[in-house]
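To start, the structure under review is shown below, and the notes come after it.
2 protein chains.
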Amino acid sequence: MAYRRTERATKRLADKRQRILRAARELVADGGWAAAQVDHVALRSGVATGSVYRHWASKSELCAEIVATVSAHEVGVVRAIVESDEAPVEKLTAAIRTFASRALQGRRLAYALIAEPVDPEVETVRLEYRAQLAHCFERILREGIMRGAFPRLDPAVAAACIVGAFMEALVGPLAPSKGTGARADRYLVEQIAQFCLRASIGTAERKA
Amino acid sequence: MAYRRTERATKRLADKRQRILRAARELVADGGWAAAQVDHVALRSGVATGSVYRHWASKSELCAEIVATVSAHEVGVVRAIVESDEAPVEKLTAAIRTFASRALQGRRLAYALIAEPVDPEVETVRLEYRAQLAHCFERILREGIMRGAFPRLDPAVAAACIVGAFMEALVGPLAPSKGTGARADRYLVEQIAQFCLRASIGTAERKA
DNA sequence: GCGGGGTGTGAACTCGGGTTCATTCCTTCT
DNA sequence: AGAAGGAATGAACCCGAGTTCACACCCCGC
Numbered sequence: 003m004a005y006r007r008t009e010r011a012t013k014r015l016a017d018k019r020q021r022i023l024r025a026a027r028e029l030v031a032d033g034g035w036a037a038a039q040v041d042h043v044a045l046r047s048g049v050a051t052g053s054v055y056r057h058w059a060s061k062s063e064l065c066a067e068i069v070a071t072v073s074a075h076e077v078g079v080v081r082a083i084v085e086s087d088e089a090p091v092e093k094l095t096a097a098i099r100t101f102a103s104r105a106l107q108g109r110r111l112a113y114a115l116i117a118e119p120v121d122p123e124v125e126t127v128r129l130e131y132r133a134q135l136a137h138c139f140e141r142i143l144r145e146g147i148m149r150g151a152f153p154r155l156d157p158a159v160a161a162a163c164i165v166g167a168f169m170e171a172l173v174g175p176l177a178p179s180k181g182t183g184a185r186a187d188r189y190l191v192e193q194i195a196q197f198c199l200r201a202s203i204g205t206a207e208r209k210a
Numbered sequence: 003m004a005y006r007r008t009e010r011a012t013k014r015l016a017d018k019r020q021r022i023l024r025a026a027r028e029l030v031a032d033g034g035w036a037a038a039q040v041d042h043v044a045l046r047s048g049v050a051t052g053s054v055y056r057h058w059a060s061k062s063e064l065c066a067e068i069v070a071t072v073s074a075h076e077v078g079v080v081r082a083i084v085e086s087d088e089a090p091v092e093k094l095t096a097a098i099r100t101f102a103s104r105a106l107q108g109r110r111l112a113y114a115l116i117a118e119p120v121d122p123e124v125e126t127v128r129l130e131y132r133a134q135l136a137h138c139f140e141r142i143l144r145e146g147i148m149r150g151a152f153p154r155l156d157p158a159v160a161a162a163c164i165v166g167a168f169m170e171a172l173v174g175p176l177a178p179s180k181g182t183g184a185r186a187d188r189y190l191v192e193q194i195a196q197f198c199l200r201a202s203i204g205t206a207e208r209k210a
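Taken in order, these protein sequences are the chains called A and B. Under this note's numbering, the first sequence has 99 at position 97, and the numbering climbs by one with no breaks. Under this note's numbering, the second sequence has 152 at position 150, and the numbering climbs by one with no breaks.
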């Protein structure tokens with residue numbers, strides 16, 4: 003046996019893997035899952051189609067990893083807010099604003115990750131993500147109810163409503179690549195945040 | 003020229019067309035768009051695959067017609083409420099409850115029509131439907147704002163949020179054929195309605 | 001620098017699913 | 001009843017997209 007992978011070689015492997023992953027993510031980010039064909043991914047990352055299969059056993063696994071990677075990151079951001087020691091209302095506001103504006107930075111990707119169905123294997127991961135996200139909001143709501151800051155709403159249902167409201171108002175009616183400008187985006191986020199806040203705390207108006 | 007289609011024959015044609023359409027709708031209703039393969043539709047409606055193409059030029063057109071038919075009906079129901087002469091708050095309540103409970107009667111179909119992407123041709127029709135639905139709510143909101151019953155929210159954004167909240171809380175996290183029983187459904191509709199109402203009128207609690 | 005095994009390549013294969021079309025069946029009109 | 005032509009049939013066709021595999025290449029250890 004004359005060969006043991008040198009460290010240098012291992013790194014090259016990992017790098018290539020990352021390159022492919024990134025290329026795939028970029029394709030999804032501006033064309034949805036439909037644009038992430040194995041050929042295209044290979045082309046964009048500068049490898050041959052067959053090479054993709056040296057790193058993932060199937061296209062589904064590649065896609066699943068994209069979903070897992072990106073969403074883990076997003077959930078992490080929101081979760082940090084949840085676990086801060088602000089008051090529930092502040093947490094909710096911050097969580098909504100943060101998530102919404104992040105999603106707006108990559109509408110198409112956000113849509114693909116949140117709403118667009120794919121094959122069952124990927125779907126599993128996607129639902130997991132959505133569940134975690136909803137769970138974050140649920141925790142905030144539950145805390146708020148306990149402290150008497152929110153009315154007696156059902157946290158699970160309300161959390162789902164919040165996520166849904168995002169999805170539709172933010173990335174739903176989007177014609178692909180509908181760039182509306184930073185000002186409009188800011189306004190949109192603000193409106194959505196206010197909507198969800200009113201729904202959660204039961205009080206009109208709220209300006210920050 | 004020896005042949006003019008007799009009335010009887012014309013009716014037979016139309017009937018067959020309806021049979022196919024219904025079969026397709028049923029398949030979508032319990033398997034999503036993926037289940038509506040031309041072969042299956044033909045099998046279920048008792049015709050040959052080729053016969054489907056005597057009535058529609060392509061599968062897309064068949065699907066588009068399903069979306070158009072069903073959604074026209076649903077929008078009609080909601081629109082009737084919008085055009086009644088109740089007060090805005092009552093209208094909103096009724097519209098939400100009605101739409102939600104109708105959707106629950108056929109979750110899978112509702113999901114397919116509202117959220118599940120298909121090919122571009124069908125997508126166009128679907129977006130049209132969703133826009134009309136949102137527009138119904140927008141009208142109610144606008145009226146309520148004018149009369150001072152609702153706070154100064156952005157009607158378009160809020161309408162999108164309402165539709166989205168529905169979608170997610172009602173049919174989103176649904177595992178296919180997740181029958182939870184009439185009581186649970188009623189509770190769910192009520193929670194969603196309250197959420198949307200609080201968000202719209204900015205007041206906690208509301209029981210009917 | 002030479003042999004061997006990991007890595008890269010891309011053309012070919014496979015397979016699912018929409019579409020077609022030559023043929024057969026059936027209805028209408030004389 | 002027989003001719004004429006529209007409707008029905010379903011097996012064959014086509015095409016796109018994921019997957020494979022025989023071969024070329026290169027990097028490592030001697």
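Quick reminder that beta carbons are idealized off the backbone N, C-alpha and C, glycines included.
Roughly how many whole angstroms lie between the Cα atoms of residue i and residue j?
{"i": "D121 of chain A", "j": "L129 of chain A", "result": "12 Å"}
{"i": "K13 of chain A", "j": "W58 of chain A", "result": "17 Å"}
{"i": "L111 of chain B", "j": "R104 of chain B", "result": "11 Å"}
{"i": "E170 of chain B", "j": "F168 of chain A", "result": "10 Å"}
{"i": "R132 of chain A", "j": "D17 of chain B", "result": "44 Å"}
{"i": "A162 of chain A", "j": "W35 of chain B", "result": "24 Å"}
{"i": "P178 of chain A", "j": "V40 of chain A", "result": "No answer about P178 of chain A holds up, because its pLDDT of 43 lies below 50 and its placement is not dependable."}
{"i": "T8 of chain B", "j": "E145 of chain B", "result": "52 Å"}
Quick one: does residue i have its CB under 7 Å from some CB of chain A?
{"i": "G33 of chain B", "result": "no"}
{"i": "P178 of chain B", "result": "Confidence at P178 of chain B is low in this model, with a pLDDT of 43, below 50, so the placement of that residue should be treated as unreliable; the coordinate-derived value is given next. Not closer than 7 Å to any Cβ of chain A, the Cβ of P178 of chain B fails to qualify, so no."}
{"i": "M1 of chain B", "result": "Limits of chain B in this structure are 3 at one end and 210 at the other, which puts residue 1 of chain B out of reach."}
{"i": "Q193 of chain B", "result": "yes"}
{"i": "R141 of chain B", "result": "no"}
{"i": "C163 of chain B", "result": "yes"}
{"i": "V124 of chain B", "result": "no"}
{"i": "R104 of chain B", "result": "no"}
{"i": "E145 of chain B", "result": "no"}
{"i": "D187 of chain B", "result": "no"}
{"i": "D214 of chain B", "result": "Residue 214 of chain B is absent from the structure shown; chain B starts at 3 and stops at 210."}
{"i": "F197 of chain B", "result": "yes"}
{"i": "G150 of chain B", "result": "no"}
Taking its Cβ as the centre, do 16 or more other Cβ atoms sit within 10 Å of residue i, making it buried, or is it exposed?
{"i": "V84 of chain A", "result": "buried"}
{"i": "L15 of chain B", "result": "exposed"}
{"i": "Q20 of chain A", "result": "exposed"}
{"i": "E123 of chain B", "result": "exposed"}
{"i": "A38 of chain B", "result": "buried"}
{"i": "T95 of chain B", "result": "buried"}
{"i": "V191 of chain A", "result": "buried"}
{"i": "G166 of chain A", "result": "buried"}
{"i": "S60 of chain B", "result": "exposed"}
{"i": "E76 of chain A", "result": "buried"}
{"i": "G174 of chain B", "result": "buried"}
Indicate whether residue i and residue j have their beta-carbon atoms separated by less than 7 Å.
{"i": "A31 of chain B", "j": "G78 of chain B", "result": "no"}
{"i": "A70 of chain A", "j": "V127 of chain A", "result": "yes"}
{"i": "P119 of chain B", "j": "E88 of chain A", "result": "no"}
{"i": "A25 of chain A", "j": "R56 of chain A", "result": "no"}
{"i": "S73 of chain A", "j": "L115 of chain A", "result": "yes"}
{"i": "Q2 of chain B", "j": "D156 of chain A", "result": "Since the first residue shown for chain B is 3 and the last is 210, residue 2 of chain B is missing from the structure and cannot be characterised."}
{"i": "V54 of chain A", "j": "A44 of chain A", "result": "yes"}
{"i": "V80 of chain A", "j": "A97 of chain A", "result": "yes"}
{"i": "A151 of chain B", "j": "P90 of chain B", "result": "yes"}
{"i": "A201 of chain A", "j": "F197 of chain B", "result": "yes"}
Is the CB of residue i under 7 Å away from at least one CB in chain B?
{"i": "D121 of chain A", "result": "no"}
{"i": "K209 of chain A", "result": "With a pLDDT of 35 at K209 of chain A, under the threshold of 50, the modelled position of that residue is not reliable, and the figure given next carries that caveat. Closer than 7 Å: no."}
{"i": "A201 of chain A", "result": "yes"}
{"i": "E1 of chain A", "result": "Coverage of chain A is limited to positions 3 through 210, which leaves residue 1 of chain A absent and any answer about it impossible."}
{"i": "V91 of chain A", "result": "no"}
{"i": "P52 of chain A", "result": "Looking at the sequence shown, residue 52 of chain A is not Pro but Gly. No, G52 of chain A lies away from the interface with chain B (no Cβ there is under 7 Å from its Cβ)."}
Can you give, in chain order, each stretch of the alpha helix (DSSP H) that sits fully within the region 92-176 of chain A and has at least 4 residues? Counting only runs of 4 or more residues that sit fully inside the region 92-176 of chain A, the alpha helix (DSSP H) segments are 109-116, 122-148, 157-168, in chain order.
At 4 residues or longer, and completely inside the region 5-92 of chain A: list those alpha helix (DSSP H) runs for me, N to C. 9-31, 40-47, 51-57, 61-84
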